[in-house]
Amino acid sequence: MTTTLILGDWLVTSASRSPRAEHGVCVIDGDVVATGTHGELRASYPDAPVVNAAGHVVMPGFVNAHTHLYGVLAHGIPAAAKPPTDFWSFLADYWWPLVEDALDSDMVVAATDWGCAEMLRSGVTSFYDILEAPNALPGALLAQKEVVERHKLRGLLSFEATERAGPDVARLGLAENLALIDACAPDPQGLVAGLMCWHTTFTCSPSFIVDAHGMAQDRGVRSHAHVNEGVHEGDWCNEHRGMRTLELYDSLGVAGPDMIASQCVQLSPRELELIRECEVNVTHMPLANCEVGGGIAPIPELINAGVTVGLGSDGYVNDFFEVMRGAFLLHKARLQDPTAMSAEQVLHAATAGGARALGLDRIGILEPGFAADLQVVNLNFPTPVTAHNLVEQVVLWRNYTHVRDVMVDGLWRVRNHEVLGVDLDQLGARCRAQATRLWQVGR
Ligand SMILES: [Zn+2]
């Protein structure tokens, strides 16, 4: 049994509780077992080693609730011959032919390796990845699993099944998810798990979606789909299915608490209402929504309606502090309302909100009974830190360079800014070599 006290200047147990000065946590093996003042914890655990986090806040690790780890390989990729003009052409002229369809297993593994290290150093302790690489099937998810387990990160992995490349690849996509779900099932306490994922209503037929959802229900896992990332899907669905995307999911019996709908940028009032009524979980990618010109998702409206909202990087800008900044600022501009998203709402989405959206019950909060997934963040601001301003200071003025330590499941993964057991230069070089190969395909 390993006991550790982590004593910071401040402790944030969750976004919904006020930060507490001179408090810390006690971790035994993989769990938070107590929080309290430094004095209380030292008295209760007199023999426990102490990690001194003076000048720092101890807070929950981030949950990156939607990423594409392979996405890093497209950072800086040469422009497509026909530059995208809207969300549809972003997919059809650029992302599908030049990125997704060109990926092979070596590329996916190198990007996953880099991505795990990059997430750890920016305080991410759990993530949900969606792989889109029809030519890396089968076996890509099991290869990713091995990498994630080596980094000792908490990861949900999935393959985005789609019918756009034909029925054989479509079935392979479903089988890929089932193979991972079944491989992880014998170890429910393991750090890696699988879930079901299909792309959209414009690349998957209703019967395919119903089949995939049924497979997820049989195995007791959640289902994920990208929903209305721009205006394209809602309009397409209306034209071809006679109703908008969420209405179709509702009519198919798919919209429910076991569904994760990512993006949700362009929602009709009825779709917003259906998300609330059906208790669909939503994940929000503020910066990637800007990249594809999709719009700005009605996240404050969803939060005010009581919807569970998580935050994700989408594999685009991966420093999770930057993602939080996007969520904090974008909605104020759209609604012309400086109160539109509080720092606490953003931190909630970045931690417990994301965990709830993904169905990770013991994650995102530092209270007894929760997993010891935490980060230690430097507070050397040029202005005083108070219980009132701490969360906003962190959301607005920190970045990955301020993350000193990261613990996942009770194990230190980052100490003194160093991702343990990882040669970042080597991982970066391998990623660059694979990106170079990717950029040559189809040109
Ligand atoms: Zn995505």
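According to this note's numbering, the sequence shown holds residues -19 to 423 in order.
Beta carbons: idealized from backbone N, C-alpha and C, even for Gly.
What residue from the options has the CA that sits closest to residue i's CA?
i      : options                                  : result
Leu254 : Pro237, His397 and Met265                : Pro237
Ala367 : Ile(-14), Thr(-16), Leu(-13) and Leu(-9) : Leu(-9)
Ala14  : Phe107, Ile(-14) and Glu80               : Ile(-14)
Pro64  : Gly292, Val128 and Gly274                : Gly274
Leu282 : Asp294, Gly306, Glu257 and Val272        : Glu257
His55  : Leu122, Val12 and Asp294                 : Asp294
Val207 : Val421, Asn157, Pro166 and Glu140        : Glu140
Leu232 : Arg22, Ser322, Gly200 and Val190         : Val190
Val245 : Pro278, Tyr229, Phe42 and Glu2           : Pro278
Quick one: grab the DSSP three-state call for residue i.
i        : result
Ile189   : helix
Ala120   : helix
Arg384   : strand
Asp148   : helix
Met239   : strand
Asp353   : coil
Gly51    : helix
Phe182   : coil
Gly10    : coil
Ala141   : strand
Pro266   : helix
Asp317   : coil
Arg(-3)  : coil
Phe42    : strand
Glu281   : helix
Thr92    : helix
Ala205   : strand
Cys164   : helix
Met176   : strand
Thr(-17) : strand
Ala343   : First, the residue type needs correcting, since residue 343 is Ile and not Ala in the sequence shown. Correct three-state label for Ile343: coil.
Thr105   : strand
Asn218   : helix
Glu306   : The displayed chain sequence assigns Gly, not Glu, to residue 306. In the structure shown, Gly306 sits in a helix (DSSP, three-state: H, G or I).
Should residue i and residue j be called a contact, given that it needs their Cβ atoms to be closer than 9 Å?
i        : j      : result
Arg134   : Ala351 : yes
Thr(-18) : Cys6   : no
Asp432   : Ala145 : Here the chain comprises residues numbered -19 to 423, so residue 432 is not present and cannot be evaluated.
Gly292   : Asn32  : no
Ala60    : Pro77  : yes
His193   : Val127 : no
Ile240   : Asn261 : yes
Asn396   : Arg378 : no
Thr288   : Phe42  : no
Gly286   : Leu247 : no
Leu338   : Tyr108 : yes
Using only the heavy atoms of ligand 2, determine whether one of them is closer than 8 Å to the beta carbon of residue i.
i      : result
Gly401 : Although ligand 2 was asked about, the structure shown includes only ligand 1 as ligands.
Okay, do the region 75 to 90 and the region 383 to 390 touch, 3+ Cβ pairs below 8 Å being the bar? Flag = no, the region 75 to 90 and the region 383 to 390 do not touch.
Quick check on the contact list: which residues have their beta carbon closer than 6 Å to a heavy atom of ligand 1? Cβ atoms closer than 6 Å to ligand 1 belong to His46, His48, Ile110, His206, Ser242 and Asp294.
Are the region 45 to 54 and the region 93 to 106 in contact at 8 Å, needing three or more beta carbon pairs? Segments in contact, yes.
Tell me whether the region 254 to 268 and the region 290 to 302 touch, counting them as touching only if at least three CB pairs, one residue from each stretch, are closer than 8 Å. Three or more pairs of CB atoms, one per stretch, sit closer than 8 Å, so the region 254 to 268 contacts the region 290 to 302.
Do the region 173 to 187 and the region 216 to 225 meet, that is, are 3 or more Cβ pairs less than 8 Å apart? Here the region 173 to 187 lies against the region 216 to 225, with 3 or more beta-carbon pairs under 8 Å apart.
Examine the Cβ distances between the region 400 to 416 and the region 356 to 364 and report whether three or more of them are shorter than 8 Å. Between the region 400 to 416 and the region 356 to 364, the count of Cβ pairs shorter than 8 Å is below three; the stretches do not touch.
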